[in-house]
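Number of protein chains: 2
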Amino acid sequence: MNALFNCISQYHPISLGAWETLSKALKQVEISRNSFLLREGMVCNNLYFLEKGCLRGYYNLDGKEVTYWFGFENNFITSFYSFISRKPCVENIQILEDSTLWGISFEALNQLFDIHNDLERLVRIINEQYYIRLEERLMAMQFKTARERYEQLMETSPHILQRISLGQIASYLGISQETLSRIRSQA
Amino acid sequence: MNALFNCISQYHPISLGAWETLSKALKQVEISRNSFLLREGMVCNNLYFLEKGCLRGYYNLDGKEVTYWFGFENNFITSFYSFISRKPCVENIQILEDSTLWGISFEALNQLFDIHNDLERLVRIINEQYYIRLEERLMAMQFKTARERYEQLMETSPHILQRISLGQIASYLGISQETLSRIRSQA
DNA sequence: ACTTTCTTTTGACAATTGTCAAAAAAGGAA
DNA sequence: TTCCTTTTTTGACAATTGTCAAAAGAAAGT
Chain Z
0 MNALFNCISQ
10 YHPISLGAWE
20 TLSKALKQVE
30 ISRNSFLLRE
40 GMVCNNLYFL
50 EKGCLRGYYN
60 LDGKEVTYWF
70 GFENNFITSF
80 YSFISRKPCV
90 ENIQILEDST
100 LWGISFEALN
110 QLFDIHNDLE
120 RLVRIINEQY
130 YIRLEERLMA
140 MQFKTARERY
150 EQLMETSPHI
160 LQRISLGQIA
170 SYLGISQETL
180 SRIRSQA
Chain P
0 MNALFNCISQ
10 YHPISLGAWE
20 TLSKALKQVE
30 ISRNSFLLRE
40 GMVCNNLYFL
50 EKGCLRGYYN
60 LDGKEVTYWF
70 GFENNFITSF
80 YSFISRKPCV
90 ENIQILEDST
100 LWGISFEALN
110 QLFDIHNDLE
120 RLVRIINEQY
130 YIRLEERLMA
140 MQFKTARERY
150 EQLMETSPHI
160 LQRISLGQIA
170 SYLGISQETL
180 SRIRSQA
């Protein structure tokens, strides 16, 4: 739970009282490789913090799995659309390495917002930072070539290459596995 | 200012006191076609609500203008990255039709958050909804063909076609103007 | 109406990327 | 190790999309 405390402190320091209340509301989840944190069609009731491990979110599109994000240590994990809208999600969250997460339910989180303004501010700020990251990814998809996106990923997140299979990375970059393989061989 | 009140009420109703405080902090901006709300290199100090008109955000990339969003009536407008991070923006916001906006500065907005928890919640909720929209756009860029993205745009936002030039729409979709023209002729 | 300017379309060709199939390489399990 | 499974690479070809240049069309100003 220390990792979470350190992580949120980087976004917005909260009062000790707020942290105590929050930590009581958190539930630890240990989950092993290849199992699922969330399946298509479920409503995502929890927001998670990933303390250890890694996982991915993907869609089924015409029989193919399309990975559209990865989660690593110190990332917040949820099916954002489903968690916010309270509607069934269209994605799957699969565990890629045995993982430890801390989860809080939608209801519990919203109750905390009413008690500790601090926490609502924290979540607002984290949301904003995640929005900026998403914008960067969209921009890369919109105006960069496959090779440029791959090179950018190598620079910003070289650890991904060590932990994720090529096919999943290709899918994340919006290109076929064969194309990514060729890009790498011509580096 | 009624439009703004109605708009935010759809996201999260706020108290009358909060609305009064907010409306006092807003400044009206009238700005005419082809001028700029924001230029590359400036720090974006304001969050705007677009009451009337339309505009676009674009980047200069290798001498080309790459449009990456449009704003229409009832949209919130800012250079999100710059507004949040307080760093110079890399984009331009250009007015496409004579427009009326209501603006609030970063400082004023953050002061309001301390006074009215209501407003911070409102902004959190609006951010979340904008995040979901951005996710949808990213997904479209990641796994849809140019034709599919165009058809999706026609379904969800047919008004764009009436008000925005083809070249700018193409750029928004991440394709060349010629390709979009051909897609249309083969519809 | 008549320029002038900007936007859209069309053609020809090149570059990028995708698809399918098979081979090679790597990783796990017994 | 050996076998089995999964992942990655390679080849051949097709489809998509981009680029450049020119023509056609639409909009704006005089």
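Which chain is which? The protein sequence lines are Z and P, in order. Under numbering that gives the first Met the number 0, the first sequence has 95 at position 96, and the numbering climbs by one with no breaks. Under numbering that gives the first Met the number 0, the second sequence has 56 at position 57, and the numbering climbs by one with no breaks. Backbone N, C-alpha and C define an ideal beta-carbon position, used for all residues, glycine too. Small disclaimer: the values here were computed from a predicted structure and weren't measured.
Nearest candidate by alpha-carbon position, reference residue i, set the options
{"i": "Phe-79/P", "options": "Pro-87/P, Glu-72/P and Asn-73/P", "result": "Pro-87/P"}
{"i": "Gln-9/Z", "options": "Ser-22/Z, Leu-25/Z, Asn-73/Z and Asn-59/Z", "result": "Asn-73/Z"}
{"i": "Thr-77/Z", "options": "Arg-183/Z, Leu-37/Z and Ile-125/Z", "result": "Leu-37/Z"}
{"i": "Ala-145/Z", "options": "Gln-176/Z, Glu-127/Z and Gln-161/Z", "result": "Gln-176/Z"}
{"i": "Asn-126/P", "options": "Met-0/P, His-11/P, Arg-181/P and Lys-143/P", "result": "His-11/P"}
{"i": "Lys-26/Z", "options": "Gly-70/Z, Glu-150/Z, Asp-113/Z and Leu-49/Z", "result": "Leu-49/Z"}
{"i": "Ser-156/Z", "options": "Trp-68/Z, Ser-84/Z and Tyr-130/Z", "result": "Trp-68/Z"}
{"i": "Tyr-129/P", "options": "Asp-113/P, Gly-70/P and Arg-183/P", "result": "Gly-70/P"}
Close beta carbons around residue i, own chain, < 8 Å, minus the five adjacent residues each side
{"i": "Met-140/P", "result": "Arg-148 and Gly-173"}
{"i": "Trp-101/Z", "result": "Met-0, Leu-3, Leu-25, Lys-26, Gln-27, Val-28, Tyr-47, Phe-48 and Glu-50"}
{"i": "Lys-143/Z", "result": "Gln-151"}
{"i": "Arg-85/P", "result": "Val-42 and Phe-105"}
Assumed close pair residue i, residue j - CB separation to whole angstroms, cut-off 8 Å
{"i": "Leu-152/P", "j": "Ile-163/P", "result": "With 8 Å as the limit, Leu-152/P and Ile-163/P do not qualify as a contact, their Cβ atoms being about 10 Å apart."}
{"i": "Ile-94/P", "j": "Ser-34/P", "result": "5 Å"}
{"i": "Leu-179/Z", "j": "Leu-137/P", "result": "So it is not a contact: roughly 19 Å between Cβ atoms."}
{"i": "Leu-60/P", "j": "Glu-134/Z", "result": "About 15 Å separates the two Cβ atoms, so there is no contact after all."}
{"i": "Ile-239/P", "j": "Ile-131/Z", "result": "This structure does not reach residue 239/P, given that chain P is present from 0 up to 186, and the question cannot be answered."}
Per-residue burial, residue i [other beta carbons within 10 Å of its own, 16 or more giving buried]
{"i": "Ser-98/Z", "result": "buried"}
{"i": "Phe-4/Z", "result": "exposed"}
{"i": "Leu-81/Z", "result": "In the sequence on display, residue 81/Z carries Ser and not Leu. With 16 or more Cβ atoms within 10 Å of its Cβ, Ser-81/Z is classed as buried."}
{"i": "Ser-170/P", "result": "buried"}
{"i": "Arg-181/Z", "result": "exposed"}
{"i": "Ile-13/P", "result": "buried"}
Beta-carbon contacts of residue i that lie in its chain and below 7 Å, excluding the five residues immediately before and after
{"i": "Gln-167/P", "result": "Arg-55 and Thr-66"}
{"i": "Ala-24/Z", "result": "Ile-103, Ala-107 and Leu-111"}
{"i": "Ile-7/Z", "result": "Ile-13 and Leu-121"}
Residues near residue i in its chain [Cβ-Cβ closer than 6 Å; skip 5 each side]
{"i": "Glu-29/Z", "result": "Thr-99"}
{"i": "Asn-64/Z", "result": "Sequence inspection shows Glu at residue 64/Z; the Asn mentioned does not correspond to that position. Counting only Cβ-Cβ distances below 6 Å, and skipping sequence neighbours, we find Tyr-57."}
beta-carbon residue i near the ligand PLP non-hydrogen atom, thresh 7 Å
{"i": "Ser-180/P", "result": "In the structure shown, the ligand PLP is absent, as is every other ligand, since no ligand is present at all."}
Using 8 Å as the Cβ pair cut-off and three pairs as the minimum, do the region 44-63 of chain Z and the region 101-108 of chain Z touch? yes
Measuring CB atoms only, is the region 89-97 of chain P touching the region 53-69 of chain P, in the sense that at least three cross pairs come out at less than 8 Å? yes
Is the region 11-27 of chain P in contact with the region 117-135 of chain P, if contact means three or more CB pairs nearer than 8 Å? yes
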